[in-house]
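**Q**
Protein chains in written order, with my numbering: chain H, 271 to 705; chain G, 271 to 705.
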């Protein structure tokens, strides 16, 4: 078959700062998925996109082209609104666990397609797999049935959604082209749009533990994604939220499930509750429900009931206890004072090295590995107080976990104790489509 | 074996506009040659280099790293100076044929490693292979012997020189990264430095038929290469020369040999003679010979004698007649006037399509295919005069050759006839190292 474009011609346009035509975009994404455009050609194009950028129209077309390489789900027959949340990834970010059942309390279906962790950021599926019997892999039919009959579903994205993205993401990972905002935005949004949700709320993380280190980059990414959603007919908004400090006290898998259960029981860390409620309000507002008080549904047990139904529907043992790790070390305060730094990246890397995360997609994760903070940012400590405990199932990992805390922040360490009070803000800004 | 760098880290440095360290450059070039750095990683890096540029020190190191992947020739034992010329490629550029024996007349050894044509630019080896019996492939020993005993040698570069460049060039060709001046310069200079010449003169072409379309780009390339040569201890200078019009009247293979013989016999087109003499003076001056009059050696037969010895030494039949193509078409003037345009690219593409050139490295070329100009830029024509004849061994190629002339210059055609006189300059500028 004769191809209607030449890869080098397409690369040259972007290389020289031009705008790719709709047909060039459609072709290059499709031809790459078919293997006609080679990896070395796509990586060169990705670098040109990183350097030269893309217009809003180009990004929208690129996203549509990625969606067109796979299947699209359709929830229009459910008879109720659908809302989904996507986080760009953080440390201790277990928000999806309480959030999905909480939003479903109000009659909204929550088709929460989630991923696994890579590097220092955790993955929702890894956390939920701490629950014995719980199944991440559902067929489209099972997913539909659960949305209809229960409301919330957290499961693995099938390989049929935007296969171009899967191939392109793996390529970007090894070619230094992950950090291109048009490609990050289209990667996330292609899957979310293909998934067929009616409302999408983005939690764009900012700070040391996040992909975006400063708020201007994060805002650009949020605006790009919100516009993409709007262009595709999905009601999309974004919160820019702090990820310089871990969310909550638990960083890991089983311990994050436990902390989520505290939140669903009406307690839990203030920051986790605040962000869960803020995102729930965004999702509900998108679905037209503006008079709900999600904090109330956490306190009165309705969210917990929904959680139990959701977990049980996927085979999970809702009453299972999370196991304790056999190897535990304590990190103590060396002076009196206030915690002025609890670095998200440092603690994320520590938990990862202890066994909670993975370096390669095919690695297993440990249920009981991770870090438990006993104190967090802004709290008062006395010399000798335990600030954190490190947990692992593999003794040899412990020194590497401890070292990650010392090496954090350019060797200054993941923890700092000072004098003054510390102001902590969770939600930094909100972005919605200008159009 | 553990690698001492990570490809993604190296890519990121250049991607973000930084300077690669010597050790990063040494590693990435070597690791790419060994296959440890993948094609898709090198193409992403090449695009980053294209976008971000490289410092003089980075380019010198990159070139040295490419040289280090292969062997280096050494002519220091010859007992006479060595000088070589490199052209960036043009249409009708047969200069190497008279130039190499001409310079050798003065006792200079000329180790002229040459290439084959690709696309609309011809290749010196393709032209010389029009001579029955002539062998392009010499062993290093044969090359040395000919330099010592005859003086000039024009032969194929062995695969042992800068193998990294061969692999990288093939990659750049399919990834839209050919046009990066640091990579063009290091590609050319790595082979020339590894070849071991003492003096190098660069003929950097400018104009429609050249790789560099404007003189500022050409000057940047020339300066980069001249500096690279100087940094490597090779006496290097460059002439920027016009390639908006073909050189001479012959464009092809056998016909260019014939025209070269005219020059070696003391005649030939004025532009070819002018450039041959100018480049010979540069090479001789580099070798410390400043009192030579190369035009004299063309007129008095010394250059022709040297040509015959050079060709015979490589098995060529020096008295062979060049064959005539069976299919010939004429292009005639449609009005009286002066030729104000004879477009190098248009005629180069025509000759290529007629069979003189190749689209892929493995294609054969035709000895008798090409174009003969009967008039060139600035000459007077009358309506009906033959301006050019097209020659091919394959009848079906003729319409495509004719069409190339009509399609040239955005459809205005390769030929224009006007009124005024036309000034033609061959040598536009000269560049030597500032240091």
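Built from N, CA and C at the ideal position, the CB exists for glycine as well. Because the structure is a prediction, the values reported are computed rather than measured.
Alpha carbon to alpha carbon, how far is residue 288 of chain H from residue 555 of chain G?
**A** Their Cα atoms are separated by approximately 45 Å.
**Q** By a C-beta neighbour count over all protein chains shown, 10 Å radius and 16 as the cutoff for buried, is residue 464 of chain G buried or exposed?
**A** Its Cβ being crowded by 16 or more others within 10 Å, residue 464 of chain G is buried.
**Q** Answer yes or no: do residue 564 of chain G and residue 372 of chain G have a C-beta to C-beta separation smaller than 7 Å?
**A** For residue 564 of chain G and residue 372 of chain G, yes; Cβs fall inside 7 Å.
**Q** For the alpha helix (DSSP H) containing residue 277 of chain H, list its first residue and its last residue.
**A** Note, residue 277 of chain H: alpha helix (DSSP H), 277-285.
**Q** In whole angstroms, give me the CA-to-CA distance for residue 485 of chain G and residue 387 of chain H.
**A** The straight-line gap from Cα to Cα measures roughly 53 Å.
**Q** Considering only the alpha carbon of each residue, which of H:700, H:360, H:584, H:678 lies closest to residue 413 of chain H?
**A** Selected option, being the one with the closest Cα: H:584.
**Q** DSSP puts residue 522 of chain G in a beta bridge; with which residues?
**A** In the DSSP output, where bridge partners are listed per residue, residue 522 of chain G has G:640.
**Q** On the three-pair Cβ rule with 8 Å, is the segment 519-535 of chain H touching the segment 566-582 of chain H?
**A** Output reads yes: the segment 566-582 of chain H touches the segment 519-535 of chain H.
**Q** Grab the span of the alpha helix (DSSP H) containing residue 456 of chain G for me, first residue to last.
**A** Counting along the chain, the alpha helix (DSSP H) containing residue 456 of chain G begins and ends at 451-465.
**Q** Within the same chain, show all residues whose beta-carbon is closer than 7 Å to that of residue 667 of chain G, passing over the 5 residues directly before and after it, in chain order.
**A** Only 623, 624, 625 meet the Cβ criterion.
**Q** Find the nearest neighbour of residue 428 of chain G within the set G:419, G:342, G:450, judged by alpha-carbon distance.
**A** Comparing Cα positions, the closest option is G:342.
**Q** Cα separation between residue 645 of chain H and residue 515 of chain H?
**A** One C-alpha to the other measures close to 12 Å.
**Q** Between the Cα of residue 332 of chain H and those of H:294, H:636, H:364, spot the shortest distance and give me the residue it belongs to.
**A** Minimum Cα distance to residue 332 of chain H is reached at H:294.
**Q** Residues of chain H with CB under 7 Å from residue 324 of chain G, in chain order?
**A** Simply none; closest approach about 15 Å.
**Q** Out of curiosity, what's the CA-to-CA distance linking residue 324 of chain H and residue 359 of chain H?
**A** Their Cα atoms are separated by approximately 24 Å.
**Q** Between the C-alpha atoms of residue 600 of chain H and residue 671 of chain H, what's the straight-line distance to the nearest angstrom?
**A** Spanning the two alpha carbons is a distance of roughly 11 Å.
**Q** Could you check where the beta strand (DSSP E) with residue 474 of chain H kicks off and where it finishes?
**A** Start and end: 469-476.
**Q** Please compile the residues from chain H whose C-beta is within a distance smaller than 8 Å of the C-beta of residue 674 of chain G.
**A** None at all; the shortest Cβ gap to chain H is about 19 Å.
**Q** Apply the 10 Å Cβ neighbour rule to residue 237 of chain H and answer buried if 16 or more other Cβ atoms are within range, or exposed otherwise.
**A** A question about residue 237 of chain H goes unanswered here, because the residues of chain H that appear run from 271 up to 705.
**Q** Where do the ends of the alpha helix (DSSP H) carrying residue 616 of chain G lie?
**A** Unbroken alpha helix (DSSP H) run through residue 616 of chain G: 614-621.
**Q** Please identify the residue among H:389, H:400, H:308 whose C-alpha is closest to the C-alpha of residue 594 of chain H.
**A** Minimum Cα distance to residue 594 of chain H is reached at H:400.
**Q** Skipping 5 residues on each side, what residues in its chain have a beta carbon closer than 6 Å to that of residue 572 of chain H?
**A** Cβ neighbours of residue 572 of chain H beyond the five flanking positions: 375.
**Q** Residue 446 of chain G and residue 285 of chain H look like a contact to me (Cβ under 8 Å); what is the Cβ gap, rounded to whole Å?
**A** About 5 Å; that satisfies the 8 Å criterion.
**Q** Pull the bridge partners of residue 482 of chain H from the DSSP assignment, please.
**A** Bridge partners of residue 482 of chain H: H:476.
**Q** Who are the Cβ neighbours of residue 558 of chain H in its own chain at under 8 Å, not counting the five residues just before and after it?
**A** Answer for residue 558 of chain H: 351, listed in chain order.
**Q** So for residue 294 of chain H, helix, strand or coil by DSSP?
**A** In this structure, residue 294 of chain H counts as helix in the three-state DSSP scheme.
**Q** For a contact defined as C-beta to C-beta under 8 Å, what are the partners of residue 320 of chain H on chain G?
**A** Under the 8 Å cutoff, chain G gives 285.
**Q** Since residue 495 of chain G and residue 521 of chain G are thought to touch, with beta carbons under 8 Å apart, how far apart are those beta carbons, to the nearest angstrom?
**A** Wrong, their Cβ atoms sit about 26 Å apart, outside the cutoff.
**Q** Alpha helix (DSSP H) containing residue 424 of chain G: first to last residue?
**A** First-last for residue 424 of chain G: 422-426, but that is the beta strand (DSSP E), not the alpha helix (DSSP H).
**Q** Any beta-carbon of chain G closer than 7 Å to the one on residue 311 of chain H?
**A** Chain G, which has a Cβ nearer than 7 Å to the Cβ of residue 311 of chain H, makes this yes.
**Q** Tell me which same chain residues have a C-beta within less than 6 Å of the C-beta of residue 501 of chain G, skipping the five on either side of it?
**A** Excluding positions up to five away in sequence, the list reads 330.
**Q** So, does the CB of residue 580 of chain H fall closer than 7 Å to a CB anywhere in chain G?
**A** False, the Cβ-Cβ gap to chain G never drops below 7 Å.
**Q** Is residue 552 of chain G buried or exposed, if buried means 16 or more other CB atoms sit within 10 Å of its CB?
**A** Classification of residue 552 of chain G: buried, given that the 10 Å Cβ count is 16 or more.
**Q** Any beta carbon from chain A within less than 7 Å of residue 314 of chain H's own beta carbon?
**A** Absent here is chain A; the protein component of the structure consists of chains H and G.
**Q** Alpha carbons only, please: which of H:587, H:449, H:675, H:328 is nearest the one belonging to residue 618 of chain H?
**A** It is H:675.
**Q** Hey, how far is the Cα of residue 635 of chain G from the Cα of residue 434 of chain G?
**A** Going from the Cα of residue 635 of chain G to the Cα of residue 434 of chain G covers about 27 Å.
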